[in-house]
Structure formats: C-alpha cells, structure tokens
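Undergrad:
In this note's numbering, the protein residues as written are 543 to 730.
1. What are the boundary residues of the beta strand (DSSP E) that residue 693 is part of?
2. May I ask you to report which of helix, strand or coil DSSP gives residue 728?
3. Look at residue 594 and residue 653 and say whether their C-beta atoms are less than 9 Å apart.
4. Alpha carbons only, please: which of 659, 661, 665 and 649 is nearest the one belonging to residue 718?
5. Keeping to the same chain, check which residues put their C-beta closer than 7 Å to that of residue 706; ignore five residues upstream and five downstream.
6. Please report the straight-line C-alpha distance between residue 601 and residue 611, rounded to a whole angstrom.
7. Mind the definition here: the stretch 617-629 touches the stretch 689-699 only if three or more C-beta pairs lie below 8 Å; say whether that holds.
8. Do residue 674 and residue 668 have their C-beta atoms closer together than 9 Å?
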C-alpha cells in the first residue's frame, strides 16, 4: 500500500538533520536520583498548546538545554484531571528517593479551552461517535472562560493540595501570558 501522508518522511528528515547535535541524556536512574536535590523533583502540568512550551518559558542555558530538569504533563488547558493524577502518581513513583519536590500548574492566556465549552465538545464528540454517549458524557473536559483564567489555576492548585499523594510536595501556580512571554505566579 502506497503511503499518502508525507509527515513520516518529513519527521525522519528533520530528525536526521537534528540528530548530529544530540547528546546522550541522563539515564532514568540518574533522573530518579535528581530527586535528592534540595528542591526535589519538579513536575510541570501545563497545556499541550505549542505556544506554552515549558522549555521556552523557563529558559535555557547557553547550550540550549533547559535550565531546570523537569517532567512535563501536558493536556488541554493544563487542567487537573483523572489522567493528570495518574501521571503525577507515576512520576512520583519514579522519584521515590525524595518525598519533596514541586508541582507547578501553568495555564496560559488565549488557551483553546477558553474558546470552547464542555457542552460543545460533547456535542461534537457525540455527532462523530453516538454509540459512545455514556463515556463521552462522563468526561469533565475542563473548559473555562478567559475571565476565569486565574481562578482555574487556583482551583487546580487546591485540587492537587487536597490529594494525600502529593503530601510533602509544594504546589505552585503560574500564569503564562502568551502575548508577552511573561510568567507570573498565582497564589491560592
């Protein structure tokens, strides 16, 4: 069967051009041991929007690598969901050496989730998959308005802090302003 999608060819060509600059990263054992640092492991929960890239908004060193080693959990809106919780538990298990650490919740302005509603997503999903109505209707999509933007960060911070499995971790909140690149701390 002939391939009609040109993305695989583009991905492989881009990777071949990029790969000569690749340096072998830390092993998983080394990453797990990084939890012994005084600040402990860092997890960033943020939106999957390509404009909201933690490597960009946290900055890089002269070598172009991130200034901070972190695990990134990305989903629409950077919201705290059941799957986010699964990811946090998994990452927490990988950093078993340290009970400390930080979870940073980062939402951004002009997020796609502010352009939708949960009802609209359900309507579109049900139109494509009417037989999946029970599963589609059970999902909390986490849409919010631009007026509620900072409050959603506070809600997600409180949600995490209420979970016993993040005991001993700092939960911080930040707003990333996509129009200016500014990152500002939000307090709950």
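Beta carbons: idealized from backbone N, C-alpha and C, even for Gly. Given the structure is predicted, the values throughout are model-derived calculations rather than measurements.
TA: The structure says:
1. Element bounds for residue 693: not the beta strand (DSSP E) but the alpha helix (DSSP H), 691-703.
2. strand
3. yes
4. 649
5. none
6. 11 Å
7. yes
8. yes
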